[in-house]
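Asks: If you scroll down you'll find the structure; I have some questions about it.
Residue numbers (this note's numbering): 197 to 414.
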């Protein structure tokens, strides 16, 4: 991952380029590529968006899709912070840049910081949650994932049952980060225990992490 010098970031959103004629192309090419596209990785791109569009909505989530439902809204600034917090949590768990994080989530507000935060800390490995348990296990085993971010128990999904089935058979996994979504998931059983695996709540765990910098200094 290449760090982009901070003084190359635009102070405001650039106007959308209109390239319709040869003159437009020639004018566009007068600006160096590095100035046109200053970001060299997804983390810097998303952090830049967090600064440029801070209070604009980046995500709007509807749990039920009912007509009068009020969406859960996450701004660009909040998304950028959650990505950094996720990366910092994974770093604090000992994740190395060469190690994978497998992500087993339906489409939720947490899915996005989980994917991009994992990529900022190591290797992001989102897996189709509709796959059968044995196929999910094969993917996790092939990537040697150290951490799994997964959906908590839910009466609307069998993903948690799949996780409980496969995790004890995957010795590379040392931590399970459980995502809870109000109205969709249920509390973890009080007696839950998986030998050799730490089980942490994703939402509360990232909340305790710094949001303004990468602790790894990657």
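Here a beta-carbon is modelled for each residue, glycine too, at the ideal position from N, C-alpha and C.
Pairing CB atoms from the segment 300 to 313 with CB atoms from the segment 387 to 402, are three or more of them under 8 Å?
Replies: Contact holds: three or more Cβ-Cβ distances are below 8 Å.
Asks: My parser needs the alpha helix (DSSP H) runs of 4 or more residues fully inside the segment 274 to 360; what are they?
Replies: Correct list: 307 to 317 and 329 to 339.
Asks: I'd like to confirm the pairing. Which residues does DSSP put opposite residue 397 in its beta bridges?
Replies: Its beta-bridge partners are 374.
Asks: Roughly how many angstroms separate the alpha carbons of residue 239 and residue 222, rounded to a whole number?
Replies: Their backbone Cα atoms lie some 31 Å apart in a straight line.
Asks: Where do the N-terminal and C-terminal ends of the alpha helix (DSSP H) with residue 229 fall, by residue?
Replies: Here the alpha helix (DSSP H) through residue 229 covers 229 to 232.
Asks: Counting only the same chain and skipping the five closest in sequence on each side, list residues whose C-beta sits under 8 Å from that of residue 406.
Replies: These residues qualify, in order along the chain: 280, 281 and 284.
Asks: Whole angstroms are fine: how far does the CA of residue 231 sit from the CA of residue 360?
Replies: The straight-line gap from Cα to Cα measures roughly 48 Å.
Asks: Quick one: residues in its chain with C-beta nearer than 6 Å to the C-beta of residue 293, no 5 flanking neighbours on either side, listed in chain order?
Replies: So the list reads 318, once near-sequence residues are dropped.
Asks: First and last residue of the alpha helix (DSSP H) that includes residue 238?
Replies: Its alpha helix (DSSP H) spans residues 238 to 248.
Asks: Can you check which of these residues, 274, 229 and 262, is closest to residue 245 by C-alpha distance?
Replies: Residue 245 has its Cα closest to that of 274, out of 274, 229 and 262.
Asks: Could you tell me whether the Cβ atoms of residue 258 and residue 265 are closer together than 9 Å?
Replies: It is a contact, given that the beta carbons lie within the stated cut-off.
Asks: Let me make sure I understand the geometry here. Which of 314, 329, 376 and 383 has the alpha-carbon closest to that of residue 365?
Replies: Per the Cα distances, 329.
Asks: Please report the distance separating the alpha-carbon of residue 393 from that of residue 385.
Replies: Cα to Cα, residue 393 sits roughly 15 Å from residue 385.
Asks: Please return the same chain residues whose Cβ sits closer than 8 Å to the Cβ of residue 250, not counting the five positions on each side in sequence.
Replies: Result list for residue 250: 271, 272 and 273, in chain order.
Asks: Mark residue 287 as exposed unless 16 or more other C-beta atoms lie within 10 angstroms of its C-beta, in which case mark it buried.
Replies: So residue 287 counts as buried.
Asks: Could you say which of 278, 301 and 269 lies nearest to residue 380 if we only look at CA atoms?
Replies: When only C-alpha atoms are compared, the closest one is 301.
Asks: Note the first and the last residue of the continuous alpha helix (DSSP H) segment covering residue 257.
Replies: Premise fails: residue 257 lies in the beta strand (DSSP E), 253 to 257, not in any alpha helix (DSSP H).
Asks: Do you know whose CA, among 298, 315, 353 and 335, lies nearest residue 322's CA?
Replies: For the residues 298, 315, 353 and 335, the minimum Cα distance to residue 322 belongs to 298.
Asks: What distance in whole Å lies between the Cβ atoms of residue 398 and residue 369, which are believed to be in contact at a cut-off of 8 Å?
Replies: About 15 Å; that fails the 8 Å criterion.
Asks: For residue 409, count the other beta carbons within 10 Å of its own beta carbon; 16 or more makes it buried, fewer makes it exposed. Which is it?
Replies: Residue 409 is exposed by the Cβ-count criterion.
Asks: What are the partner residues of residue 268, as DSSP defines its beta bridges?
Replies: The partner list for residue 268 (beta bridge, DSSP) reads 257.
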